[in-house]
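Protein chains in written order, with my numbering: chain A, -1 to 185; chain B, 49 to 709; chain C, 32 to 137.
All C-beta atoms, glycine included, are put in the ideal place defined by N, C-alpha and C.
Bear in mind that the values here come from a model prediction, so they are computed numbers and not experimental data.
Below, the structure is given as structure tokens:
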């Protein structure tokens, strides 16, 4: 039953990921991606990582995807851009380049799959073959201890990175006021 | 006991130089807004103050070594510290030789600075001039006071640089001629400097030290033991080659007459009184090295005598007032080397000192005349100036009298001592003595020809446009001081027949003792000596020749150009050769400068323009063609770049996935 | 859950390949950014799979989850900066098409 849930979630994740890439409307892409992340959260939960599942929903679903959605709405990209309409395809690159991209993607994906399948026989069976969620080993205390002892330096680095990003985004946003957009007359 | 204040002697003029340079920078900044801005007199005052302070310090040091102390030494600065190998400690050493030289440099230098403050008044580069002049004095003092050959070499190159800067001071005048003269001086000096360096290397590899005191000890031991004779001779000749460049000896003297393109105080200070005598200083400093080699001594004497004769005869027919003095300087420097080649170290320094007095005086007097004549230098266009500039006339005549060796004046005693020494050595030196005596006659003649043409006879300039005038006191007072020194300077070295002590000889005895001992050792125990009778005869002969030729030179020319024109028409070839300095400079141009220029042009056209430029252009073209093809890759599309990157990653991933176990 | 580890890894590989395809084929900058998020999540999934493989009830393998947390933080940062750039570029050209930003001098 639990295993079946995994395969269902996996199928949903793959289908919604394809939807992200293929959707003509960015809003559809955003919503697809949100669903994809949701199914991934389910998989984390099934694997016993409740905390990761929570932040996957909170941070990815709640913060990052809302940010994407916000930008799409802000720029009013819901429909097709009129400027792009005279191109052969407004959404995708020209056929040659798209074919190249698909080839690279297929090559990378198949290489990974081949590697995984060839390496699978070396993998030991998970010792915790069946871990019910209620007994999960996503032990928060152990995670927190590691985070603030062994990983305290990366943790601080991450906080500095966040601060720098905050400042950088503000500078990027502010620059627009001093430099008038191209095409407009300077007043 | 160390005397670190000795470092102040060169440091004070250096400070003055920096202050003057700052003032010049300020003038240049001010000129950006006001192009006609004239520099103030502050720079001159600064430079003079620095010189006076240095002179005072030298006097103090001199007073200290008059007594028992033979030398003062500062603590040394480990410039290139090393264990057993190259170990260079630079210290300032004031001994009896460097003390005397430093006193002359700062003393005469001070007078020339005072004179220059008047002479250069109104020049746009007033502050720059004093910055250079003070820097020169700094370098000259480093050259003299260093207790180490490397320190001397630093000063040696430094004075060369300042000489270059000051000769070319008016580089934009006369169609760039001063700039060309400066380059010539610099390039010709390079030949000598290369010899100096090689000699220095040779001494270091032989004796393992470049400190004068240790070096002299080593040379003394080697010479007394008869070791390394070939090396000593070679080192002496190489160092003499260096001296030839700096002190303008044949065959490297051609730069000095051209160097007169610089301002006159520069000619007086650098090209008459101080820098050009540094070669003599070097030889006296290393007198044991030269004393150890008969060949080197003879070559020094012969080159000196040849230079004296060539330059002295060339001075006869010059029309440029400063040109006469320049050739005269070369000739007198030749005298000094004749003295050194005869082992007469004291006489050489004696002549350096007296020559510094009277030649500086003559140059400054000539500057005063040229100044008063509105930059006219041709003596044929002067005449009768004694009525217009009496003070310059009297002092200039004193200098000419001292130069020509009229009895009892300074030049008489120093020149006579040199000739007497040369005569006393005997052998091949008798021939050189004859040359020296003949040059003395030439000297007396051209000195008085010059006085007669400039100050006597009718006025040959355009009276309507040129109004000769006496120079201001700031210029004439140094002339008077130098005139007094030229007249009485001889008392420091009166000949033995006067039965008074030879002050300079006793003074320098510690410095030259080693050299004399080696000379004595080599000649088997007896130094050349003249009987009193012989000395009286030589004195009388010298006086008679000086007086006779002076009389001749004066009376043939005091009434105008008749004698000049007559000589020119009667002996056109001889006149041409003399006025052209025997064509040596012309020969250099034909034999060296023109081929080198031709070669340079060839290199410029063939090697540079064709080969190197061609190769570089070909490479650039290839890069350009390759770039034209490759630029398709850089189309600015993120997806294209990503594809290349992702394609590479895919290949690696496939290799990893398919390969291996 | 008794799903073998290689199935988790295979899912991650497929998601990653889809992300790569989106990154290379789409013109819309925002969708390109979303493709990058997809690839990052695929990476997260491999960490989770690895951590699950090496953990047992008593001894938790925490390195995997911690890496996931850091990657989520970095992904948030990347999304913020990327979207700020998108807005800046859009203000200049009124488009988010990658083709419009092919030249540095514009």
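Exercise for the section: Measure the C-alpha to C-alpha separation of residue 126 of chain C and residue 85 of chain C and round it to an integer number of angstroms. Expected result: The straight-line gap from Cα to Cα measures roughly 48 angstroms.
Problem - Close beta carbons around residue 611 of chain B, own chain, < 8 angstroms, minus the five adjacent residues each side - result: 604 and 605.
Exercise for the section: Output the distance between the C-alpha atoms of residue 669 of chain B and residue 692 of chain B, rounded to the nearest integer angstrom. Expected result: Taking the straight line from one Cα to the other gives about 27 angstroms.
Problem - DSSP state of residue 578 of chain B mapped onto helix, strand, coil - result: Coil.
Exercise for the section: Ignore the nearest five residues each way along the sequence and tell me which others in residue 560 of chain B's own chain have a CB closer than 8 angstroms to its CB. Expected result: Hits under 8 angstroms: 332, 335, 393 and 394.
Practice task
Tell me whether residue 712 of chain B is buried or exposed, calling it buried when 16 or more other Cβ atoms sit within 10 Å of its Cβ.
Solution key: The shown model of chain B, from 49 to 709, leaves out residue 712 of chain B, and the question about it has no answer.
Exercise for the section: Leaving aside the five residues before and after residue 366 of chain B along the sequence, list all residues of the same chain whose C-beta is less than 7 angstroms from its C-beta, in chain order. Expected result: Apart from the 5 residues on each side of it in sequence, residue 366 of chain B sits with its Cβ closer than 7 angstroms to the Cβ of 372, 375 and 627 in its chain, given in chain order.
Exercise for the section: Give the interface partners of residue 163 of chain A over in chain C, defined as CB-CB distance under 7 angstroms, in chain order. Expected result: Result: 108, 111 and 112.
Exercise for the section: Consider the Cβ of residue 93 of chain C: report whether some Cβ of chain B lies at a distance smaller than 8 angstroms. Expected result: At a cut-off of 8 angstroms, the C-beta of residue 93 of chain C has no neighbouring C-beta in chain B.
Practice task
Measuring only between beta-carbons, confirm whether residue 78 of chain C sits less than 8 angstroms from chain B.
Solution key: No, residue 78 of chain C lies away from the interface with chain B (no Cβ there is under 8 angstroms from its Cβ).
Practice task
Would you mind stating whether residue 97 of chain B and residue 57 of chain B have Cβ atoms separated by less than 8 angstroms?
Solution key: At least 8 angstroms separates the beta-carbon of residue 97 of chain B from that of residue 57 of chain B.
Exercise for the section: Could you pull out every residue in the same chain whose Cβ sits closer than 6 angstroms to the Cβ of residue 401 of chain B, ignoring the five residues on either side in sequence? Expected result: Leaving aside the five residues that flank residue 401 of chain B on each side, the residues in its chain whose CB is nearer than 6 angstroms to its CB run, in chain order, 152.
Handout entry: For residue 297 of chain B, three-class secondary structure by DSSP
Key = Coil.
Practice task
Answer with buried or exposed for residue 550 of chain B, where buried requires no fewer than 16 other C-beta atoms within 10 angstroms of its C-beta.
Solution key: That one is buried.
Exercise for the section: Look at residue 232 of chain B and residue 112 of chain B and say whether their C-beta atoms are less than 8 angstroms apart. Expected result: Residue 112 of chain B sits away from residue 232 of chain B, with the two beta carbons spaced by 8 angstroms or more.
Practice task
Please list, in chain order, all residues of the same chain as residue 324 of chain B whose beta carbon is under 8 angstroms from its beta carbon, the five residues on each side excluded.
Solution key: Sequence-distant partners of residue 324 of chain B (beyond 5 residues in either direction) whose C-beta falls short of 8 angstroms from its own C-beta, in its chain, are 294, 295, 296, 304, 318, 377 and 381.
Practice task
Pull up the distance between the alpha-carbon of residue 471 of chain B and that of residue 477 of chain B, whole angstroms please.
Solution key: About 7 angstroms.
Problem - Terminal residues of the beta strand (DSSP E) in which residue 136 of chain B lies - result: It spans 136 to 138 - the beta strand (DSSP E) in which residue 136 of chain B sits, taken as one unbroken run.
Exercise for the section: Return the chain-ordered ranges of every alpha helix (DSSP H) run that is complete within the segment 89 to 137 of chain C and spans a minimum of 4 residues. Expected result: DSSP runs (the alpha helix (DSSP H)) wholly in the segment 89 to 137 of chain C: 94 to 124.
Handout entry: Residue span of the alpha helix (DSSP H) that contains residue 67 of chain C, given as start and end
Key = In the DSSP assignment, residue 67 of chain C falls within the alpha helix (DSSP H) that extends over 60 to 85.
Problem - Spatial distance of residue 656 of chain B from residue 111 of chain C (CA atoms) - result: Roughly 57 angstroms between the two C-alpha positions.
Handout entry: residue 110 of chain A burial status per 10 Å Cβ neighbour count (16 or more: buried)
Key = With 16 or more Cβ atoms within 10 Å of its Cβ, residue 110 of chain A is classed as buried.
Problem - Spatial distance of residue 447 of chain B from residue 562 of chain B (CA atoms) - result: One alpha carbon belongs to residue 447 of chain B, the other to residue 562 of chain B, and they sit about 35 angstroms apart.
Handout entry: Where the segment 2 to 21 of chain A meets chain B: residues whose CB sits under 8 angstroms from a CB there
Key = Here the close residues number zero.
Practice task
Quick one: give me the first and last residue of the beta strand (DSSP E) that residue 125 of chain B is part of.
Solution key: Secondary structure note for residue 125 of chain B: its beta strand (DSSP E) is the uninterrupted segment 125 to 128.
Problem - Classification of residue 50 of chain C by the beta-carbon crowding that lies within 10 angstroms, buried from 16 upward - result: Buried.
Problem - Distance, residue 416 of chain B Cα to residue 493 of chain B Cα - result: Approximately 22 angstroms between the Cα atoms of the pair.
Practice task
For residue 237 of chain B, name the three-state secondary structure that DSSP assigns.
Solution key: Residue 237 of chain B: helix per DSSP, three-state reduction.
Handout entry: residue 335 of chain B: first and last residue of the uninterrupted alpha helix (DSSP H) it sits in
Key = Element bounds for residue 335 of chain B: 335 to 339.
Exercise for the section: Determine, using beta carbons only, whether residue 171 of chain A comes closer than 8 angstroms to chain C. Expected result: Interface residue (Cβ-Cβ distance to chain C less than 8 angstroms): residue 171 of chain A is classified as such.
Handout entry: Option nearest residue 200 of chain B by Cα separation, candidates B/136, B/439, B/172 and B/160
Key = Nearest of B/136, B/439, B/172 and B/160 to residue 200 of chain B, Cα basis: B/136.
Exercise for the section: Determine, using beta carbons only, whether residue 98 of chain C comes closer than 8 angstroms to chain B. Expected result: Any Cβ of chain B closer than 8 angstroms to the Cβ of residue 98 of chain C would place that residue at the interface, and such an atom is absent.
Exercise for the section: Count the C-beta pairs between the segment 412 to 426 of chain B and the segment 151 to 168 of chain B that are closer than 8 angstroms, then say yes if the count reaches three, no if not. Expected result: Taking 8 angstroms as the limit for Cβ pairs, the verdict is that the segment 151 to 168 of chain B does touch the segment 412 to 426 of chain B.
Handout entry: Strand pairing of residue 141 of chain B, partner residues [DSSP]
Key = Within the DSSP secondary-structure output, residue 141 of chain B pairs in a beta bridge with B/121.
Exercise for the section: Report the rounded CA-to-CA distance for residue 54 of chain A versus residue 73 of chain C, giving the unit in angstroms. Expected result: Taking the CA atoms as reference points, residue 54 of chain A sits about 13 angstroms from residue 73 of chain C.
Problem - Rounded separation between residue 370 of chain B and residue 308 of chain B - CA only - result: Roughly 6 angstroms between the two C-alpha positions.
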